[in-house]
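Enquirer:
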Amino acid sequence: MTKTIRLTAAQALVRYIGAQHNEDGDCFIAGCWAIFGHGNVAGIGEALHGAKDTLTTYRGHNEQTMAHAAIAYAKQLKRKRAMAVTSSIGPGALNMVTAAGLAHVNRLPVLLLPGDVFANRGPDPVLQQIEDFNDGTVSVNDCFKPVSRYFDRITRPEQLLTALPRAFRTMTDPADCGPVTLSMCQDVQAEAFDYPESFFAPQVWHQRRIRPDLGELARVAEAIKGAKNPVIVAGGGVHYADACEDLRAFAEAHGIPVAETQAGKSALAWDHPLNLGPIGVTGGEPANAVCAQADLVLGVGTRFQDFTTGSWGLFANPQRKIISLNTAAYDAAKHGAMPLMADAKVGLAELGDAIGSYKATAPAPALKGDWFGKVDPLTDAPAESNALPTDMQVIGAVQRGATEETVAMCAAGTMPGELHKLWKANKPGAYHMEYGFSCMGYEIAGAMGIKMAQPTRDVICFTGDGTYMMANSEMATAAMLSVSFTVVVTDNRGYGCINRLQMGTGGAEFNNLLAHATGGENSSIDFAAHAASMGATSVKVGTIAELEAALAKRHDIKGPYVIVIDTDPYPSTPHGGTWWDVGVPEVSERAEVNAAYAGYIENKKSQRID
Ligand SMILES: Cc1ncc(C[n+]2csc(CCOP(=O)(O)OP(=O)(O)O)c2C)c(N)n1
Ligand SMILES: [Mg+2]
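For the sequence shown, the numbering used here assigns the number 1 to the initial residue and increments by one for each residue that follows.
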């Protein structure tokens, strides 16, 4: 006779979560973020309370941003651990959909547990049920389907017996990793079932390291041996596979230089001789010049998104070949690449053996010297003047005050591009950029998630005024939990980067900066006062020197510390970068748009479709 235990579906869910471990012996799910409503308070709420000594529940202030905190936690820990997030039905659930998209793009694990309408349909329509006129099986939670790597709707308690192992397989499988949504019908959460006791036995989820297929390996090795000036494009997969050291060894052994994507940055120390630095639209001249010439591009753990490839205009050598070493077959076969489906760590090791003593022609070292010669002065503290500081100077101030343990983090606005170009990351994990979704509002909650993941790190969050306004309420959560990190708010009174993009595509300045928005002149937000009202320590500074002084105090401050500085919305690093495909109007009454369109058509010719 199978020994069973009678539990509600919610109790079984929580008990199973508590029994799943990673290879280090940690509980894979490190905690559960929760905002309760009628759709989860009685079922999941009761179960979480029952497990509160082993699985901590955190009370957030917005479903989207508490999920951002969970996702940042998993990203900083290189997917070795994740968190769960539960919401009520309807609006609370839909608030999490954006965060699911973020995790989906960035291939990051998170366990989303939205409540759902009654499976038994007894009270239909329950409060917050949308009612599809044509399909009785649809609820708002169907919106999670395209943004979940695994979606399941739990309409009977015993479905957890198959759904939960699938959920954990998805979150711990490097090739398939992403958000899981278990849509928990409200009545089912509270229904009991006799679960086999063995279902709750402790389990370890090992990190699968896929070795290359021998045919693929041989073909790729042949291609590399025939290359004169190859380049490696290092993406986030290098970090997730713990392959930073392996990448360094491979690059050094074969003299192949490395360009870093936003997710890959910090794989090699910024001053490593073979680190060409940032690639692509937000890249620098060293990487972009080498990529333009390269006869072979070896992507390692990269999605080859448009910011990396310059919308496929960057790799301009007509003879060039692309190789994609990736755990996901989807990424390994992109854009006609020769696939090498493998984990970055074991894949690089086996590829190294296969190419033996092969050495590439190293690029001119002067490239890097020239680059820093040009951009470093932009980050210097300005001489005293009445001009507003630039974002580049703000980066310089933070960089000068950075320690061995600093993590620079950001997601959207001017700063991701500036940080990619200018930030000098000393070691893996020193740079945390969410640039797959580039989701405004990730920053403050994400900084909290990073600090929770690595409490000894010095987390510095860069956020514009726009992204601060979009989502700041987890600041109160961080204050409540006494999670310490620094937020540098660059207030340029508007959506500065999009204003520049608008001008760059021939548009009139319109609806981005407050100065060009209806009623914008009436806006006067005191960010420091706002942050203080939520329990943060805050200060408004007027100059770069004051910013440096304020930053120096951060190590003694408990909870979030917010430093606000007004900056100039117009300047950005005038070096590096490459074309980015943004559709420009084909007809317009504006001469500037027509000129931009002519330029667009010219640039479009560089876009490789082969
Ligand atoms: C959720 C979301 N909405 C819209 C965008 C498009 N977008 C990218 S950056 C940006 C403006 C950011 O403004 P701010 O945070 O003030 O940064 P700034 O560029 O001014 O430094 C917008 C609207 C986005 N990335 N994410
Ligand atoms: Mg702004």
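Virtual Cβ for every residue (Gly too), placed ideally from N, Cα, C.
These numbers were taken from a predicted model, which means no experiment stands behind them.
State the Cα-Cα distance for the pair L207 and E197, rounded to the nearest angstrom.
Expert: A quick correction: the sequence has Gln, not Leu, at residue 207. Near 26 angstroms, if we compare the C-alpha coordinates of E197 and Q207.
Enquirer: Pop quiz: V459 and V407 are said to be a contact at Cβ under 8 angstroms. What is the actual Cβ separation, rounded to whole angstroms?
Expert: 5 angstroms
Enquirer: To which residues does DSSP link W33 through a beta bridge?
Expert: Y58 and V85
Enquirer: In chain order, what are the residues with a CB under 5 angstroms from some non-hydrogen atom of ligand 2?
Expert: G464, D465, G466, N492 and G496
Enquirer: Is it the case that the CB of T414 approaches a heavy atom of ligand 1 more closely than 7 angstroms?
Expert: yes
Enquirer: Under the three-state reduction of DSSP, which class applies to P91: helix, strand or coil?
Expert: Helix at P91.
Enquirer: From D187 to E23, what distance separates their C-alpha atoms?
Expert: 35 angstroms
Enquirer: Does DSSP classify K321 as helix, strand or coil?
Expert: strand
Enquirer: G235 to Y468, Cα distance in whole Å?
Expert: 27 angstroms
Enquirer: Determine the DSSP secondary structure at L13, reduced to helix, strand or coil.
Expert: helix
Enquirer: Where DSSP assigns a beta bridge to C461, which residues make up the other side?
Expert: M409 and V487
Enquirer: C177 and M171: beta carbons closer than 8 angstroms?
Expert: yes
Enquirer: CA-CA distance, E404 and N426?
Expert: Cα-Cα distance, rounded: 7 angstroms.
Enquirer: Sort out for me which residues DSSP pairs M66 with in a bridge.
Expert: According to DSSP, M66 bridges with nothing at all.
Enquirer: Using three-state DSSP, classify D331 as helix, strand or coil.
Expert: It is helical.
Enquirer: For H21, name the three-state secondary structure that DSSP assigns.
Expert: strand
Enquirer: Let me check one thing: in DSSP terms, what residues is F151 bridge-paired to?
Expert: Bridge partners of F151 according to DSSP: T181.
Enquirer: Please say whether P365 and D295 have beta carbons closer to each other than 8 angstroms?
Expert: no
Enquirer: Tell me the DSSP secondary structure of M440 in three-state form.
Expert: coil
Enquirer: Specify the secondary structure class of A507 as computed by DSSP and reduced to three states.
Expert: The residue you asked about is not Ala; residue 507 is Gly in the sequence shown. Looking at G507 - three-state DSSP - the assignment turns out to be coil, as it is neither helix nor strand.
Enquirer: Return the residue from the list R107, G347, L325 and C27 that minimises the CA-CA distance to A337.
Expert: That would be L325, whose Cα lies nearest to the Cα of A337.
Enquirer: Decide if L613 is buried, meaning its Cβ has at least 16 other Cβ atoms within 10 Å, or exposed.
Expert: This structure leaves residue 613 out entirely; the chain is present only between 1 and 610.
Enquirer: When you compare the CB positions of G280 and G310, do they come within less than 8 angstroms of one another, or not?
Expert: Taking 8 angstroms as the cut-off, the Cβ atoms of G280 and G310 count as close.
Enquirer: Buried or exposed: which applies to I544, given that a residue is buried once 16 or more other Cβ atoms fall within 10 Å of its Cβ?
Expert: Buried, by the Cβ-count rule.
Enquirer: Based on the DSSP output, what are the partners of R6 in its beta bridges?
Expert: D194
Enquirer: Quick one: is H49 buried, meaning 16 or more other Cβ sit within 10 Å of its Cβ, or exposed?
Expert: It counts as exposed.
Enquirer: Pick out whichever of R121, W371 and L481 has its Cα sitting closest to the Cα of T56.
Expert: T56 has its Cα closest to that of L481, out of R121, W371 and L481.
Enquirer: Which runs of the alpha helix (DSSP H) fall wholly inside the segment 238-281 and span at least 4 residues, in chain order?
Expert: 244-254
Enquirer: Terminal residues of the continuous alpha helix (DSSP H) containing V375?
Expert: A366 to V375
Enquirer: Grab me the residues of I5's own chain with a C-beta within less than 6 angstroms of its C-beta, minus the 5 sequence neighbours each way, in chain order.
Expert: Y195 and E197
Enquirer: Considering only heavy atoms of ligand 1, does any lie closer than 7 angstroms to the CB of M440?
Expert: yes
Enquirer: Need the endpoints of the alpha helix (DSSP H) that T308 sits in, please.
Expert: D306 to T309
Enquirer: Just list the residues that DSSP pairs N326 with in beta bridges.
Expert: M341
Enquirer: Just the Cα atoms here: how many angstroms apart are G417 and V562?
Expert: 22 angstroms
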